[in-house]
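In the numbering used here, the protein residues as written are 34 to 370.
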C-alpha cells in the first residue's frame, strides 16, 4: 500500500467514532464466527462489503466534489494505465445504495475518476474490467467528510474544485457556521477560510485564467486584496474581462500563465483612474507575449492614451516570423481603423 493510501486509510479510520470492541469470548472456528456476528449486530464492527459492478449501474452523487464533466483521457491517463497494468482497479470506490432509480443501483461518493476510467476502458476494448466499489450506509454530511478526506490524500483534485465543495457544504450541513465545519474537518478556521475565499472569487475574475483548475489556494493572498476597494474591484474585473476576450479571440499568443494573469490584474488595480492597459514596468513584470512553445517574443510595457510601448526579446529564442505575426496582431488591436 502506498504512503498516500495508507495516510488516507489512517485518516478515515480516525474520522469514524467506533464503538469499543467487545472482548472475544469463544475459541475455535465456531466461537470466532459467533463473536464476529455478535460484533456486527452490536455495531462494534462495520461491515462494508465490496463488489465488482458495471459502472453504468452507478450514478455520480450530485454533491460530489469533482467536476465529472471535466474529466478526460488526459486527466485520467495515469489511472487508466495503472488499471491496465494491474488488470483491475486496486482501490475501491466508496458508494451507497440508491432506491427508486431503475437505472442505477449505487451512488458514487468517492471514486468519480475511477468510475470514468473504468467506463472508458469498457468502451475501448476492455469490457472485462469492472468497477470495484465498497458499499457504505452514509448520511450526506458523512459522505461529504469521507469524500473530502479521500481527496485530500490525492493530488489530482484541483484547489478550486475542493474550494467550491467546501462553500456548498458550509450552507448544506453546517448552517453557515465556519467554526463548526472546521472542527468537523479537523482543520483550522484560517485554513478553511482560504478555501472559502477561493470559491467566492467572482466568475468574471476566474474567467481571466485559461484553465481555472490551475488556480491554487496560494493565489488567494494576491487576488483577494484586489477586490476590496470598489474602484480597484471595478478595474480588476474590467481587466479580467479584457484578458478573457483576448484569449477567446486568439490574440496575444499562447494563454497567459496564472502568475502572468495575477500580475496583469494587480497592475490594473494600481492603475490611475481613466488609464487603460498595463502601466510601464521594468524587468519581466510587463505582460509577456509568447509563442506556441512558450518562448517570449516581446514584452508589452505600457498601453495608455498616447500609445503602446513594447520591448522586443530577440535573445529569448523566438522566431522572427513569429514576432512579426504577434506584432501584426498587436497593430490590429491598437492601430486606428
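Note that beta-carbon positions come from the ideal geometry of N, C-alpha and C, so glycine has one too.
- Whole angstroms is fine: what's the gap from residue 351's alpha carbon to residue 280's? Along the chain shown, read from residue 1 onward, the residue named residue 351 stands at position 318. Along the chain shown, read from residue 1 onward, the residue named residue 280 stands at position 247. The straight-line gap from Cα to Cα measures roughly 20 Å.
- Item | Beta carbon of residue 376 nearer than 7 Å to that of residue 232 | Past the edges of the chain, shown from 34 to 370, lies residue 376, and the structure says nothing about it.
- Message: Using C-beta distances below 8 Å, list every residue in its chain close to residue 168, excluding the 5 sequence neighbours before and after it, in chain order.
- Response: Here residue 168 refers to the residue found at position 135 of the chain shown. Closer than 8 Å at Cβ, skipping near neighbours: 81, 82, 83, 84, 128, 129, 130, 139.
- With DSSP collapsed to three states, give me the class of residue 132. For this step, residue 132 is matched to residue 99 along the chain shown. Note: residue 132 maps to coil in three-state DSSP.
- Message: By DSSP's criteria, residue 165 is part of a beta bridge. Which residues make up the other side?
- Response: Here residue 165 refers to the residue found at position 132 of the chain shown. DSSP, once it has assigned bridges, lists 85 as partnering residue 165.
- Message: Does the structure place the stretch 256-275 close enough to the stretch 221-240 that three or more beta carbon pairs sit under 8 Å?
- Response: yes
- Task: Could you check the C-alpha separation between residue 183 and residue 361 for me, to the nearest Å?
- Result: Taking the first residue of the chain shown as 1, we reach residue 183 at position 150. Taking the first residue of the chain shown as 1, we reach residue 361 at position 328. Cα to Cα, the separation comes out at about 50 Å.
- Message: According to DSSP, is residue 124 part of a helix, a strand, or is it coil?
- Response: The count along the chain shown starts at 1 and reaches residue 124 at position 91. Correct three-state label for residue 124: coil.
- Nearest neighbour of residue 146, chosen from 239, 118, 93, 177 [CA to CA]: Translated into the one-based positions of the chain shown, residue 146 becomes position 113. When only C-alpha atoms are compared, the closest one is 93.
- Item | Range covered by the beta strand (DSSP E) that runs through residue 333 | One-based indexing of the chain shown puts residue 333 at position 300. From DSSP, the beta strand (DSSP E) with residue 333 extends over 329-336.
- Message: Cutting at 6 Å between CB atoms, please list the residues of its own chain near residue 121, excluding the five before and the five after it.
- Response: Residue numbering aside, residue 121 sits at position 88 when the chain shown is read from its first letter. Answer for residue 121: no residue qualifies.
- Message: Whole angstroms are fine: how far does the CA of residue 244 sit from the CA of residue 276?
- Response: Locating residue 276 in the chain shown gives position 243, counting from the first residue. Locating residue 244 in the chain shown gives position 211, counting from the first residue. C-alpha separation (whole angstroms): 13 Å.
- Query: In or out: residue 101 buried (at least 16 other Cβ within 10 Å) or exposed?
  - Reply: Along the chain shown, one-based indexing puts residue 101 at 68. With fewer than 16 Cβ atoms within 10 Å of its Cβ, residue 101 is classed as exposed.
- Less than 8 Å between the CB atoms is what I'm expecting for residue 159 and residue 90, so what's the real figure, rounded? Position 126 of the chain shown, counting from 1, holds the residue named residue 159. Position 57 of the chain shown, counting from 1, holds the residue named residue 90. Contact doesn't hold; Cβ gap of about 17 Å is too wide.
- Message: Can you check which of these residues, 141, 283, 273, is closest to residue 300 by C-alpha distance?
- Response: Here residue 300 refers to the residue found at position 267 when the chain shown is read from its first residue. Here the closest residue by C-alpha is 273.
- Message: According to DSSP, is residue 95 part of a helix, a strand, or is it coil?
- Response: Looking up residue 95 in the chain shown gives position 62. The answer is coil: DSSP assigns residue 95 none of H, G, I, E or B.
- Message: Considering just the uninterrupted stretch of the beta strand (DSSP E) at residue 139, what are its terminal residues?
- Response: As a working mapping, residue 139 is identified with position 106 in the chain shown. Here the beta strand (DSSP E) through residue 139 covers 139-143.
- Item | For residue 346, three-class secondary structure by DSSP | Residue 346 sits at position 313 when you count from the first residue of the chain shown. It is coil, neither helix nor strand.
- Going by alpha carbons, who is nearest to residue 88 out of 105, 150, 104? For the purposes of this step, residue 88 is taken as the residue at position 55 of the chain shown. Per the Cα distances, 150.
- Item | For residue 344 and residue 211, the rounded distance between their alpha carbons | For this step, residue 211 is matched to residue 178 along the chain shown. For this step, residue 344 is matched to residue 311 along the chain shown. If I take the Cα positions, the gap works out to 48 Å.
- Task: Note down the Cα distance separating residue 240 from residue 332, rounded to an integer number of angstroms.
- Result: What you label residue 240 is simply residue 207 of the chain shown in a count that begins at 1. What you label residue 332 is simply residue 299 of the chain shown in a count that begins at 1. Cα to Cα, the separation comes out at about 23 Å.
- Query: residue 328 to residue 199, Cα distance in whole Å?
  - Reply: Taking the first residue of the chain shown as position 1, residue 328 is located at position 295. Taking the first residue of the chain shown as position 1, residue 199 is located at position 166. Distance between the alpha carbons of residue 328 and residue 199: 38 Å.
- Item | Given residue 266 as reference, the closest of 191, 192, 157, 304 once Cα atoms are compared | As a working note, residue 266 is residue 233 in the chain shown. Out of 191, 192, 157, 304, 304 has the C-alpha closest to the C-alpha of residue 266.
- Query: Comparing alpha-carbon positions, which option in 180, 321, 340, 283 lies nearest residue 126?
  - Reply: Taking the chain shown and counting its residues from 1, the one referred to as residue 126 is at position 93. Per the Cα distances, 180.
- Item | residue 280 - DSSP class collapsed to helix/strand/coil | Indexing the chain shown from 1 puts residue 280 at position 247. Looking at residue 280 - three-state DSSP - the assignment turns out to be helix.
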